[in-house]
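Visitor: Note that the numbering used here gives residue 489 to position 228 of the sequence shown, counting from 1, and the numbers run on in steps of one. Just passing along the structure, written as structure tokens.
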Amino acid sequence: MKRDLPTGIVHGLDADQYHAMPGISNSGLNDLARSPLHYYSLHLDPNRPDPAEKAGQLAGTLAHCAILEPAEFDKRYAIGPDVSRATKEWKAWEASEARQAIKPQDSATAQAQALSVRALPDVARLLSAGQPEVSAFWIDEATGSQCRCRPDWVYPVNATSVILLDVKTYSSADPDEFSRQVARKGYHRQAAWYSDGYAAASGLQVLGFVFVAVESDWPHAACACMLDDESLDKGRQEYRGLLDTYAACQRAGVWPGYAPSIVPISLPAWAL
């Protein structure tokens with residue numbers, strides 16, 4: 262593996278620049294967990310289509326901006342008239358606006374989520390200093406793979422250590438329900454990947470990785486959560502296994518999908 266690939270902490274990259282950089286990220290690991298074929302098809306295949314916007318992606322982006330970069334909100338987004346996007350009025354207004362057009366309710370929701378998050382004393386303190394969207398690049402020593410991550414927020418504890426924050430919008434911020442979402446979405450793997458990766462890229466100690474969960478619907482209740490050591494260790498084991506698979510596929514130039522032959526299946530136990 263070449264050693265002239267980017268390493269270290271980079272400030273000021275916008276999202277498109279970051280995603281265009283080489284190396285595997287947490288979202289790439291998520292695709293690899295489906296199969297190496299999914300990773301190759303979505304990230305490396307020269308014939309891959311442009312990614313489609315996922316349901317809820319805009320709402321999550323607006324919440325991130327309102328919470329983490331409130332001064333940038335009005336610079337990036339223009340609040341349009343309270344009419345259907347299908348109307349001539351909306352289309353004419355949107356065509357005249359250079360910023361991304363959003364509905365009044367989109368803005369109101371994001372601002373309410375920001376208020377809810379910043380009403381949490383611990384989170385407000387962590388957001389009182391630091392930087393959003395910090396890009397980190399490192400070379401994995403075990404596999405030689407180029408890796409990257411982009412924490413939502415980096416809080417400097419002191420000259421040698423930081424705390425990382427990650428904002429999640431979800432239907433429920435109840436800690437018990439959110440823990441189930443962590444397991445479903447592999448957020449434990451993300452927490453370990455970001456913690457280890459940012460430490461490797463920056464040379465700083467990561468003292469904690471805080472999930473800030475805020476609900477999608479009114480009243481947009483929020484809660485801050487941290488995984489215990491056992492859960493982080495599980496995430497670390499998972500990303501290490503996936504990184505080994507990634508490196509093996511790169512060496513072989515082969516990105517297998519599901520089983521190549523017919524697989525016998527049966528109904529799940531609950532259906533029987």
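Ideal Cβ positions, reconstructed from N, Cα and C, are used throughout, including at glycine. Computed from a prediction, not measured in an experiment: that's the story for all the values here.
Please list the terminal residues of the continuous beta strand (DSSP E) segment that includes V467.
Guide: Start and end: Q466 to E476.
Visitor: Considering only the alpha carbon of each residue, which of D343, I400, A483 and A347 lies closest to C410?
Guide: When only C-alpha atoms are compared, the closest one is I400.
Visitor: In chain order, which continuous runs of the beta strand (DSSP E) of length 3 or greater are located wholly inside the stretch 418-470?
Guide: Those beta strand (DSSP E) runs which fall completely within the stretch 418-470 and span 3+ residues are 422-431.
Visitor: Alpha carbons only, please: which of R309, R501 and W414 is nearest the one belonging to V471?
Guide: Residue W414 is the option with its Cα nearest to V471.
Visitor: In three-state DSSP terms, what is V415?
Guide: Reduced to three states, the DSSP call for V415 is strand.
Visitor: Assuming contact is defined by CB atoms lying nearer than 8 Å, are A362 and E355 in contact in what I supplied?
Guide: Yes, the Cβ-Cβ distance between A362 and E355 is below 8 Å.
Visitor: Rounding to the nearest angstrom, what Cα-Cα distance links R309 and A462 in this structure?
Guide: Cα to Cα, R309 sits roughly 30 Å from A462.
Visitor: Provide the residue span of the alpha helix (DSSP H) that contains G492, from first to last.
Guide: The sequence given here has Ser at residue 492, not Gly. Where S492 is concerned, the enclosing alpha helix (DSSP H) stretches over D490 to A513.
Visitor: Taking all protein chains shown into account, do 16 or more other C-beta atoms lie within 10 angstroms of the C-beta of L293, making it buried, or fewer, making it exposed?
Guide: By the 10 Å Cβ count, L293 comes out buried.
Visitor: Can you give me the start and stop residues for the beta strand (DSSP E) that I363 sits inside?
Guide: First-last of the beta strand (DSSP E) with I363: Q361 to I363.
Visitor: Taking 7 Å as the cut-off, is the C-beta of A509 nearer than that to any heavy atom in the ligand COA?
Guide: Absent from the structure shown: the ligand COA. Ligands present: none.
Visitor: Hey, could you find the ends of the alpha helix (DSSP H) S288 is sitting in?
Guide: Start and end: N287 to R295.
Visitor: At the level of alpha carbons, what is the spacing between R360 and K336?
Guide: Whole-angstrom Cα-Cα distance: 7 Å.
Visitor: Pairs of beta-carbons, one from the stretch 428-441 and one from the stretch 476-490, closer than 8 Å: are there three or more?
Guide: Yes, they touch.
Visitor: Considering only C-alpha positions, which residue in the set A375, Y300 and A320 is nearest to A327?
Guide: The candidate whose alpha carbon is nearest that of A327 is A375.
Visitor: Given a cut-off of 8 Å on the beta-carbon distance, is the pair A460 and Q466 in contact?
Guide: Yes, the pair counts as a contact, with Cβ atoms nearer than the cut-off.
Visitor: Just the C-alpha distance for K263 and P283, rounded to the nearest angstrom, thanks.
Guide: Here K263 scores only 44 on pLDDT, less than 50, and its place in the model is too uncertain to base an answer on.
Visitor: To the nearest angstrom, report how far apart E358 and G273 are at their CA atoms.
Guide: The straight-line gap from Cα to Cα measures roughly 25 Å.
Visitor: State the Cα-Cα distance for the pair K495 and P382, rounded to the nearest angstrom.
Guide: The alpha-carbon atoms of K495 and P382 are separated by roughly 29 Å.
Visitor: Mind checking S389: buried by the 16 CB within 10 Å criterion, or exposed?
Guide: By the 10 Å Cβ count, S389 comes out exposed.
Visitor: What first and last residue would you give for the alpha helix (DSSP H) that runs through W535?
Guide: Nothing in the structure corresponds to residue 535, since the chain is present only between 262 and 533.
Visitor: Compute the Euclidean distance between the alpha carbons of S422 and Y448, then round it to the nearest angstrom.
Guide: Their Cα atoms are separated by approximately 22 Å.
Visitor: Give me the Cβ distance between Y507 and S368, rounded to the nearest whole Å; I'm assuming they're in contact under 8 Å.
Guide: Between S368 and Y507 the Cβ distance is about 39 Å, and since that is not below 8 Å, they are no contact.
Visitor: Could you name the residues of the same chain whose beta carbon sits closer than 6 Å to that of D279, not counting the 5 residues immediately before and after it, in chain order?
Guide: Reading off the sequence shown, one finds Tyr at residue 279, where the question assumed Asp. Once the five neighbours on either side are set aside, the close Cβ partners of Y279 are S396 and R411.
Visitor: Please report how far the alpha carbon of N291 lies from the alpha carbon of L504, in whole angstroms.
Guide: Their Cα atoms are separated by approximately 11 Å.
Visitor: Would you call the CB atoms of Y455 and L493 closer than 8 Å?
Guide: For Y455 and L493, no; Cβs fall outside 8 Å.
Visitor: Taking the alpha carbon of L488 as the reference point, which residue from C408, G321 and A444 has its own alpha carbon closest?
Guide: That would be A444, whose Cα lies nearest to the Cα of L488.
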